[in-house]
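Residue numbers (my numbering), protein chains in the order written: chain A, 356 to 574; chain B, 356 to 574.
Scroll down for the structure; my scribbles are underneath it.
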DNA sequence: ACAAGTCGGTTGTATTTACAACAGAAAGGA
DNA sequence: TCCTTTCTGTTGTAAATACAACCGACTTGT
């Protein structure tokens, strides 16, 4: 577990906490580290959760499949990102989405009660972590609003442009790499893959952008 | 300001705190109470925010208008609800949406720094309020995910059904009242009003539901 | 190297939606 | 009360999307 302390140090949750202190907090917070093989479910729709999760290694998708096999991708989780935090609250109902490992992944589980209940002992940084948690959830909240903004666009083209330009803004470069292949991007934006593929090519022909696989250049 | 203490007592933010203690905390937290006339902007897109807001009186819409006048409604705020919390974090950028008063409204402003920075003085319940804030943001987060679920549906009918049945689940009754008129509901679900109106009538003719104005009965 | 599977692009058709325009009912103001 | 405005439903047409089917390029595993 200690091997991932440098990873944790760079996360929003432990921002401002030194590596030594993180090591102490791991036991103070009762952290557990679980490993998931590619394709395995980290969390399943309908489950109850009382932990906040941090991805230490690998990558994940938060997604949902309906009875007819239609998939909807809510988001992508990269190394160091927090997830599950919205469902860790005691009165929160069950999970609405699955979380699935895209590759072999390691995940930290922190019992939410032990985070928000400040312990009186050695954890000097406990208060800081609670604040960090607040900021992290705020940020997640904003990114959900951002996604609602993509999704509220009426046409596939508008959805693509608003998504891609937002990614470019975040990565601060017109050259962007997205964590989705075509089918996944379509599931993320809730559009038809073939129509989206078609639209992307039209936009390329019109000189709006260039792409190759999951790398795009906005013009 | 004191007149709204009973309202605050019933909010998520002050859950578990007695009225007397709320009175003390109002000054401890440096609360401000602002009044807005019907139609006025409470917050504007592009502004920066360092407060968490609680609606004491009236009702609000969180919405966004683009250059062509197309409106997108993110959500409705009722009495006692918290808003703005996602943008109060120091590193959060500017607001992505407007907040507008649907009727004459009163809004509490709480400086977020004074909430998350526990004061050493009299506020016995400060820690509780921080936890409440965490749960409130979690809940907001879940409702955003819920909205993304409506929005990910491909057809107007599916959007309507998923939204209305979710409201029925929340209100725990097949008779529901929604805080939107037709145009607002269309802006909330990001569909065309006339097409939606058409679809609603088809669904009524098929016996799926009944409605009159903003009151619906699911069958 | 081969076979099987995945991925991205293309096309045609049926379905669905957006848009515009209009009309009756209801609500609000003078 | 009358007039104006808002709200809701209706219709027709143009545009966009979903769906299915197919192909070639590329990957993966044996």
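Even for Gly, the Cβ is constructed at its ideal location relative to N, Cα and C.
Handout entry: 9 Å Cβ cut-off: residues of chain A touching residue 497 of chain B
Key = By one-based count along the second chain, residue 497 of chain B stands at place 142. 441, 442, 444, 447, 448 and 451, listed in chain order.
Handout entry: Residues near residue 531 of chain B in its chain [Cβ-Cβ closer than 8 Å; skip 5 each side]
Key = Your numbering for residue 531 of chain B matches position 176 in the second chain. Taken in chain order, the residues that qualify are 519, 522, 523, 570, 571, 572 and 573.
Handout entry: Proximal residues to residue 357 of chain B (C-beta, below 7 Å), its chain only, five neighbours per side dropped
Key = Indexing the second chain from 1 puts residue 357 of chain B at position 2. Correct list, in chain order: 378.
Practice task
Kindly confirm or deny that the region 417–426 of chain B and the region 383–395 of chain B touch, where touching means at least three C-beta pairs closer than 8 Å.
Solution key: The count of Cβ pairs closer than 8 Å, one atom from the region 417–426 of chain B and one from the region 383–395 of chain B, stays below three, leaving the stretches out of contact.
Handout entry: Near-chain A residues of the region 505–517 of chain B - C-beta to any C-beta below 9 Å
Key = The region 505–517 of chain B vs chain A, Cβ under 9 Å: 506, 507, 508 and 509.
Problem - Residue ranges of each alpha helix (DSSP H) within the region 423–498 of chain B, 4 or longer - result: Entirely contained in the region 423–498 of chain B, the alpha helix (DSSP H) runs reaching 4 residues are, in chain order, 467–471.
Handout entry: Given 8 Å, three or more beta-carbon pairs between the region 397–410 of chain A and the region 432–449 of chain A
Key = Touching, yes.
Handout entry: Contact under 9 Å by Cβ, residue 444 of chain B with residue 493 of chain A
Key = Numbered from its first residue, the second chain carries residue 444 of chain B at position 89. Numbered from its first residue, the first chain carries residue 493 of chain A at position 138. Yes.
Practice task
Specify the secondary structure class of residue 359 of chain B as computed by DSSP and reduced to three states.
Solution key: Position 4 of the second chain, counted from the start, is the residue given in the question as residue 359 of chain B. DSSP places residue 359 of chain B in the helix class (H, G or I) of the three-state scheme.
Practice task
State the start and end residues of the unbroken beta strand (DSSP E) segment that holds residue 509 of chain B.
Solution key: Numbered from its first residue, the second chain carries residue 509 of chain B at position 154. In this chain, residue 509 of chain B is not harboured by any beta strand (DSSP E), its DSSP state being neither H nor E.
Handout entry: Residues that residue 471 of chain B contacts on chain A, provided the C-beta gap is smaller than 7 Å
Key = Residue numbering aside, residue 471 of chain B sits at position 116 when the second chain is read from its first letter. For a Cβ distance threshold of 7 Å, residue set 486 and 489 of chain A lies close to residue 471 of chain B, ordered along the chain.
Handout entry: Amino acids of chain A, ordered along the chain, whose beta-carbon sits closer than 9 Å to that of residue 409 of chain B
Key = Within the second chain, the letter at position 54 stands for residue 409 of chain B. Simply none; closest approach about 16 Å.
Handout entry: Residue interval of the alpha helix (DSSP H) (run including residue 412 of chain A)
Key = Within the first chain, residue 412 of chain A is the residue found at index 57, counting from 1. Under the DSSP assignment, residue 412 of chain A falls outside any alpha helix (DSSP H), being part of the beta strand (DSSP E) whose first and last residues are 406–412.
Problem - Cβ of residue 572 of chain B within 9 Å of any chain A Cβ - result: Sequence index remark: in the second chain, residue 572 of chain B carries index 217 (1-based). No, residue 572 of chain B lies away from the interface with chain A (no Cβ there is under 9 Å from its Cβ).
Handout entry: Classification of residue 442 of chain A by the beta-carbon crowding that lies within 10 angstroms, buried from 16 upward
Key = The sequence position of residue 442 of chain A within the first chain is 87, counting from 1. Classification of residue 442 of chain A: buried, given that the 10 Å Cβ count is 16 or more.
Problem - Host beta strand (DSSP E) of residue 574 of chain A (start-end) - result: Here residue 574 of chain A is taken as the residue at index 219 of the first chain, counted from 1. No beta strand (DSSP E) contains residue 574 of chain A, which DSSP labels as neither H nor E.
Practice task
Inspect the CB distances between the region 386–405 of chain B and the region 445–452 of chain B and report whether three or more fall short of 8 Å.
Solution key: Cβ pair count under 8 Å is three or more, so yes.
Exercise for the section: Output, in chain order, the set of chain A residues within a Cβ distance shorter than 9 Å of residue 364 of chain B. Expected result: Within the second chain, the letter at position 9 stands for residue 364 of chain B. Within chain A, no residue comes near residue 364 of chain B; the closest Cβ sits about 18 Å away, beyond 9 Å.
Problem - Touch test, the region 539–553 of chain B against the region 505–516 of chain B, Cβ-Cβ under 8 Å, three pairs minimum - result: The region 539–553 of chain B vs the region 505–516 of chain B: in contact.
Handout entry: Straight-line gap, residue 433 of chain B to residue 414 of chain B (C-alpha atoms, nearest Å)
Key = The count along the second chain starts at 1 and reaches residue 433 of chain B at position 78. The count along the second chain starts at 1 and reaches residue 414 of chain B at position 59. If you take the alpha carbons of residue 433 of chain B and residue 414 of chain B, they lie about 5 Å apart.
Exercise for the section: Determine the chain B residues that contact residue 500 of chain A at a beta-carbon separation under 8 Å, and present them in chain order. Expected result: By 1-based counting over the first chain, the position of residue 500 of chain A is 145. In chain order, 429, 441, 451, 452 and 499 make up the part of chain B whose C-beta sits under 8 Å from the C-beta of residue 500 of chain A.
Exercise for the section: Could you confirm whether any beta carbon from chain A is found closer than 9 Å to the beta carbon of residue 564 of chain B? Expected result: As a position in the second chain, residue 564 of chain B is number 209, starting the count at 1. False, the Cβ-Cβ gap to chain A never drops below 9 Å.
Exercise for the section: Going by CA-CA distance only, name the one from B:429, B:462 and B:372 that's closest to residue 499 of chain B. Expected result: As a position in the second chain, residue 499 of chain B is number 144, starting the count at 1. Minimum Cα distance to residue 499 of chain B is reached at B:429.
Exercise for the section: Using a Cβ-Cβ cut-off of 9 Å, state whether residue 437 of chain B counts as contacting chain A. Expected result: The residue labelled residue 437 of chain B in the question sits at position 82 within the second chain. Among the CB atoms of chain A, none fall inside 9 Å of the CB of residue 437 of chain B.
Practice task
Quick one: give me the first and last residue of the alpha helix (DSSP H) that residue 547 of chain A is part of.
Solution key: For the purposes of this step, residue 547 of chain A is taken as residue 192 along the first chain, with counting starting at 1. Premise fails: residue 547 of chain A is in no alpha helix (DSSP H) and is neither H nor E.
Exercise for the section: Sort out for me which residues DSSP pairs residue 575 of chain A with in a bridge. Expected result: The question about residue 575 of chain A has no answer here: the residues shown for chain A are numbered 356 through 574.
Exercise for the section: Kindly indicate the opening and closing residues of the beta strand (DSSP E) around residue 379 of chain A. Expected result: One-based indexing of the first chain puts residue 379 of chain A at position 24. Not the beta strand (DSSP E): residue 379 of chain A falls in the alpha helix (DSSP H), residues 374–383.
Problem - Residue interval of the beta strand (DSSP E) (run including residue 533 of chain B) - result: For the purposes of this step, residue 533 of chain B is identified with residue 178 of the second chain, where counting begins at 1. Premise fails: residue 533 of chain B is in no beta strand (DSSP E) and is neither H nor E.
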